[in-house]
Amino acid sequence: MALDIIGPGFGRTGTNSLKVALEHLGFGPAHHMFEVRDHPEQLPGWQALADGARPDWDALFHGYRAQVDWPGARYWRELAAHYPEAKVILTVRDADEWFDSVEATIAKFMAGRGSYDDPHANGVANMAHKLIVDGVFDGRMFERAYATTLFNAHIAEVQASIPGSQLLTFDVSEGWEPLCAFLGLPVPAISFPRLNSSKQFLSEEWAEEA
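Residue 0 is where the sequence shown starts when you use numbering that gives the first Met the number 0, and the numbers rise one by one after that.
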């Protein structure tokens, strides 16, 4: 199964809301960091990638129709090349609001790296640190000026790299209409999902000890 949707948006830009929305629209399952959390058998493949292994995208995303959030978002260029027919949905938000959310969630989870009682939580944190904190942000993800500058540069790079007809720049606060118009689907008669606020993130089992 090839990916139909690629989501290069950074975590904390509404990626879980987008995941659930896509699944409701028939583009499920959608891969998200929560999939690695909830399916420990996926972790070794991402750990190997963090350690420099050659990626097998079809294996890493086997059974998925969409990719959103980390860890896949780091590899949006490679995924766009590997799945050239896929549509690209770039989730965005205000850069400072994004950083505030990162500080309240991801930073707290990373602070517990190596100290969780659950070995899987430690493994996910270590993988994410290699692939994201170091691999994307050069170890400076939690420095506001650096991270927000990179965040905005990332948005600009995606917008400059993906053909306009293939790309939707999407703020989840806009709801169903732009997403459904882009995908050529009718607007569902239910509210757009609003999920994974900072408070919800911290209530998740993997973050409770952070």
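Just so you know, even glycine gets a beta-carbon here, dropped at the ideal spot from N, CA and C.
- request: For the segment 81 to 88 and the segment 29 to 46, state whether three or more C-beta atom pairs, one from each stretch, are separated by less than 8 Å.
  value: The answer is no - the segment 29 to 46 does not touch the segment 81 to 88, with fewer than three Cβ pairs under 8 Å.
- prompt: Over what stretch of residues does the alpha helix (DSSP H) that includes Thr147 continue unbroken?
  reply: Run containing Thr147: 143 to 160, per the alpha helix (DSSP H) assignment.
query: Distance, Cα to Cα, Phe26 vs Cys179?
result: Roughly 12 Å separates the two Cα atoms.
field: Reduced DSSP secondary structure (H/G/I, E/B, other) of Ala65
entry: Ala65 falls in the strand class under three-state DSSP.
- request: Measure the C-alpha to C-alpha separation of Leu78 and Trp56 and round it to an integer number of angstroms.
  value: If you take the alpha carbons of Leu78 and Trp56, they lie about 8 Å apart.
- request: Inspect the CB distances between the segment 136 to 146 and the segment 156 to 169 and report whether three or more fall short of 8 Å.
  value: No: fewer than three Cβ pairs fall under 8 Å.
7 Å Cβ shell around Ala94 - same chain, five flanking residues per side excluded: For Ala94, where only same-chain residues beyond five positions count, the Cβ hits under 7 Å are Thr147, Phe150, Asn151.
message: For a quick check, are the C-beta atoms of Asn121 and Gly113 less than 9 Å apart?
response: Cβ distance < 9 Å, so Asn121 and Gly113 count as in contact.
- prompt: Helix, strand or coil for Thr14 per DSSP?
  reply: Correct three-state label for Thr14: helix.
query: When the Cα of Ala124 is compared with those of Tyr63, Met32, Pro54, Ala52, which residue comes out closest?
result: Checking every option, the nearest Cα to that of Ala124 belongs to Met32.
Nearest candidate by alpha-carbon position, reference Met0, set Asp37, Arg36, Asp170, Gln66: It is Gln66 whose Cα lies nearest to the Cα of Met0.
- prompt: Where in the segment 169 to 193 do unbroken runs of the beta strand (DSSP E), each at least 3 residues long, occur, reported from the N-terminal end onward?
  reply: Complete beta strand (DSSP E) runs here, min 3: none at all.
query: Roughly how many whole angstroms lie between the Cα atoms of Val19 and Ile131?
result: About 23 Å.
- request: Please state if the CB of Ile154 and the CB of Gly10 are separated by a distance shorter than 9 Å.
  value: Not in contact: Gly10 and Ile154 (Cβ atoms no closer than 9 Å).
Whole-Å CB distance - His23 paired with Tyr63, under 8 Å assumed: Your pair His23 and Tyr63 does not check out as a contact, with CB atoms roughly 15 Å apart and the cut at 8 Å.
task: Mark Val87 as exposed unless 16 or more other C-beta atoms lie within 10 angstroms of its C-beta, in which case mark it buried.
output: Of the residues assessed, Val87 falls on the buried side of the cut-off, its CB having 16 or more other CB atoms within 10 angstroms.
message: For Glu96, count the other beta carbons within 10 Å of its own beta carbon; 16 or more makes it buried, fewer makes it exposed. Which is it?
response: With fewer than 16 other Cβ atoms inside 10 Å of its own Cβ, Glu96 counts as exposed.
- prompt: Can you check whether the CB of Val91 is closer than 9 Å to the CB of Asp170?
  reply: Yes; because the gap between Cβ atoms is below 9 Å, this pair is in contact.
- prompt: Opposite Lys233 in the DSSP bridges: which residues?
  reply: Beyond the ends of the chain as shown, which are 0 and 209, falls residue 233; an answer cannot be given.
field: Which of helix, strand or coil DSSP assigns to His30
entry: DSSP places His30 in strand when its eight states are reduced to three.
query: Among His119, Leu194, Trp175, which has the Cα closest to the Cα of Pro185?
result: Trp175 is the residue among His119, Leu194, Trp175 whose C-alpha sits nearest the C-alpha of Pro185.
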